[in-house]
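If you want it as C-alpha cells, here you go:
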C-alpha cells in the first residue's frame, strides 16, 4: 500500500540543487500571470470599459510567455520546476515537455484571439458578469493542466478550468444558457469525480502522484496491480471530458448556448485538455495498458468521428452543427491514440493543435457570418457572400481546413493518421477517417452554399447592414493566417509534433528532468 | 478497517449512482454530494488507515515509521473537499436558477436548448 517510496538517509537530498535559471521561471509564469491578471480584473469588475484594455495586452504577454517557453523547451529539452524545494516524488512539480509547451503556446494564441473577439461579442452585461476575469482564470486552468507534472495537480487544474467554464457558460443567464449549463455542469462534474476516483486508486497502488515517478513504477507493478481497471477508469473520465462517443451528449446540448466567443473558446480548448490528458496518461504513463485497450479506443474513435459528423449533417443551426464537428474531430484524435505508434501519436497531437485553432475560428466566423446573413438557421440565413465576399472567403478557407482539404491545416494530420492506420492494417480506421472527411466536406459545403452563397431570402424587411467589428475580424483573420500558414508550410510544426510524440513514447527525458539525481547514480 | 471502509464507499457509490439515474435535478444534486464524500473516503482508504501513530518523525529517526498514519491523503482530501464544496454550491444555485427560469426540475422537460421536433436543414438550394 501507499507509503514513502524510499527511506531518506541524507536530508540534503530533499533540497533542490540550486536556484533556477531565469528562463526556467517561464514554466510557471503563464499560470501565475493568468491568476494575477484575473484577480486584478476581478477587482475592476465594475469598470467594464477598462477590462478589455487590461486583458487583451495581458493575453498578448501570455502568448509571448508560452511561445518563449516553447522555444526554451525546443532548445533545452524537458524542464522541471519543483515547488517549495521538496524534491519529487514528494513535492509538486511542474514539468514541461514538448507536448505540454506546444499545446500551451497554441492555446494561448487562441485565447488572445478570443480576448480580441470578445471585445465586440461580449456586451456590457456580459462584461459585468465577468467575461475577462473568467477568460484569464480558465486560461490558468488550461495552462496549468498542460504544464503540470503531478496527477493530483492535474485534477486541481481541471477543476479550475471547469469552474471558470461554468461562469463563462452562463454569462448573462438566459433561459437557454441555464438549460445548457445544467447538462454541461452535471456531466462534467461526474467526469471529474471519476478522474478523482481513478487518482485515488492510483495513489493507493503507487503511493505517488508524480507522473515521472509513476512512469518508472508502472513497469514494476505490472502484473501484480489492477492497472487495467485504473487505466480504463482514466479512459472513461477523460473520454467524457473530451466528448468521445458514447459520453458526448453534454457537448451539443450546451455549446451553442453561450456567447459565440465562449463557444469558440470551449470548442477550441476544453475538449483538447481531455485529449491531452489521455495522451499523457494513456500514451506516456501506461503504454502497455493502452496497447491492450487499443482496439476499444479505435472503435470509440471510429464511432465518435462518424456519428459526430452525421449529427452535424442533421442540424439546422450552424452553431449546433459546429458542436457536432468538434466531437467528430475528437474521434480523429482518438484514432491516433488508439494506434499508439509514433506516427499515430504525432498525428493526434498535430490534429489537436490544428483543431484548437480551426474550431475556435469556425465559431468566430459563424458569429460574424450571422451578423451579415441574418442568423444561425440554415433554413433562413443567406447572402453573406453578396454582402462581404472577403469574410465569406475566409470562412470557406476554414471549412476547407476542418474538412481536411488541401492546402489547409487539416490535411497533414489526416494524412499521417491514415498512413499510420494503414501501416498496422487497420484499414477500417483509415476508412472512417476518410469517410468522416468526406461527410464533413458535405456538411460544411452545405453550410457555405446555404448560408453564404445563397442570396439573402427576401423577407420584405431588409436587415440593417452593420459593418463588421474590426477587432473581431482581425482575430478571425489571425487564426485563419495561422491555420493556412501551417497548411502550406507544415514541416516545422510536423517536426515538433513528431518530437513531442517521441517524448511521449520514451519518457526517459521526462523522468530525467524530474529526477536528475537518480540519473547520475 | 480498510474492508469496512471499502464496503461503505461501495454503498455510497451505489446510492449516488441510483440518485444520478433520476430525472430530477435535486436528486442528481444529492447524488453529486454523496459521490463527492464517497470519493474522499476512497482516497482516505487508499492511504494508510491508522490512528495509533501520528505522522510525526521522532528526533532520532529520519523517516516515518511504517505504522504511522499517512498525512498525504488528508491533504489531498482537504483540497478535494474545498473544490467539491464550491462545485456543490454552484450547482445548487444553478439548479435553483434553472428551476426558476424553466419552471421544472425534471431533466426530461428541460428542452429549451435542444427543443423537441427541431426543423431539419433544408434539403435543397
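Protein chains in written order, with full-length UniProt numbering: chain A, 1 to 521; chain B, 1 to 125.
Just so you know, even glycine gets a beta-carbon here, dropped at the ideal spot from N, CA and C.
- Task: Determine which residues share a DSSP beta bridge with residue 150 of chain A and list them.
- Result: A/210
- Cβ separation of residue 120 of chain B and residue 24 of chain B, assumed to be a contact under 8 Å, to the nearest whole Å: That pair is no contact at about 32 Å.
- Contact list for residue 86 of chain B against chain D, beta-carbon separation under 7 Å: The chain labelled as chain D is not found among the protein chains of the depicted structure, namely A and B.
- Message: Buried or exposed for residue 522 of chain A, going by 16 or more other Cβ atoms inside 10 Å?
- Response: Because chain A here runs from 1 to 521, residue 522 of chain A falls outside it and cannot be looked at.
- Message: The alpha helix (DSSP H) that contains residue 261 of chain A, what's its start and end?
- Response: 260-265
- Query: Would residue 20 of chain B pass as a contact of residue 32 of chain B if the rule is Cβ separation under 9 Å?
  - Reply: yes
- Query: To the nearest angstrom, how far is it from the Cα of residue 516 of chain A to the Cα of residue 94 of chain A?
  - Reply: 15 Å
- Message: In this structure, how does DSSP classify residue 1 of chain A when only helix, strand and coil are distinguished?
- Response: Residue placement at residue 1 of chain A cannot be trusted, given a pLDDT of 39 that sits under 50; what the coordinates show is reported in the next sentence. It is coil, neither helix nor strand.
- Message: Contact criterion: CB-CB distance below 9 Å. Does residue 156 of chain A meet it with respect to chain B?
- Response: yes
- Message: Rounded to whole angstroms, what is the Cα-Cα separation between residue 56 of chain A and residue 123 of chain B?
- Response: 42 Å
- Min CB distance residue 61 of chain A to chain B below 9 Å: no
- Task: Identify, in the order they occur along the chain, each residue of the same chain with its Cβ nearer than 7 Å to the Cβ of residue 30 of chain B, setting aside the five sequence neighbours on each side.
- Result: 19
- Message: When you compare the CB of residue 117 of chain B with every CB in chain A, is at least one pair closer than 9 Å?
- Response: no
- Message: For the beta strand (DSSP E) containing residue 300 of chain A, name the first residue and the last one.
- Response: Per DSSP, residue 300 of chain A belongs to no beta strand (DSSP E); it is in the alpha helix (DSSP H), 287-313.
- Item | residue 182 of chain A vs residue 110 of chain B beta-carbon contact at 9 Å | yes
- Using a Cβ-Cβ cut-off of less than 8 Å, list which residues of the region 179-202 of chain A approach chain B; keep chain order. 179, 180, 181, 182, 183, 185, 186, 189, 190, 193, 196, 197, 199, 200 and 201
- Task: Give me the Cα-Cα distance between residue 344 of chain A and residue 411 of chain A, rounded to the nearest whole angstrom.
- Result: 14 Å
- How would you call residue 326 of chain A, buried or exposed, if buried means at least 16 neighbouring beta carbons within 10 angstroms? buried
- Message: So, does the region 75-86 of chain B touch the region 35-51 of chain B, judging by three or more C-beta pairs under 8 Å?
- Response: yes
- Within 8 Å of chain B by C-beta, residues of the region 444-458 of chain A in sequence order: 446, 449, 450 and 454
- residue 209 of chain A versus residue 419 of chain A - alpha carbon distance: 36 Å
- Would you mind telling me which residues of chain B sit closer than 7 Å to residue 315 of chain A, beta carbon to beta carbon, in chain order? 121
- Query: Do three or more CB pairs link the region 345-358 of chain A to the region 99-110 of chain A at distances below 8 Å?
  - Reply: yes
- Task: Give the DSSP-derived three-state secondary structure of residue 160 of chain A in the structure shown.
- Result: helix
- Per DSSP, what kind of secondary structure is residue 317 of chain A in: helix, strand or coil? strand
- Item | Status (buried if at least 16 other CB within 10 Å, exposed otherwise) for residue 290 of chain A | buried
- Task: Between the Cα of residue 398 of chain A and those of A/513, A/435 and A/487, spot the shortest distance and give me the residue it belongs to.
- Result: A/487
- Query: Terminal residues of the continuous alpha helix (DSSP H) containing residue 526 of chain A?
  - Reply: Lying outside 1 to 521, the shown extent of chain A, residue 526 of chain A is not represented and no answer is given.
- Would you check if the distance between the CB atom of residue 43 of chain B and the CB atom of residue 73 of chain B is smaller than 9 Å? yes
- Query: Is the region 258-265 of chain A close to the region 336-350 of chain A, with three or more CB pairs under 8 Å?
  - Reply: no
- Spell out the partners DSSP gives residue 95 of chain A in its beta bridges. A/80
- Item | Where residue 219 of chain A sits in the DSSP three-state scheme | helix
- Item | Bridge partners - residue 53 of chain B, DSSP secondary structure assignment | B/68
- Please report how far the alpha carbon of residue 57 of chain B lies from the alpha carbon of residue 92 of chain A, in whole angstroms. 21 Å
- Quick one: list the residues of chain B neighbouring residue 125 of chain A, beta-carbon separation under 9 Å, in chain order. Per Cβ cutoff of 9 Å: no residues; residue 125 of chain A is ~16 Å from chain B at best.
- Item | Paired residues, beta bridge with residue 377 of chain A - DSSP | A/317
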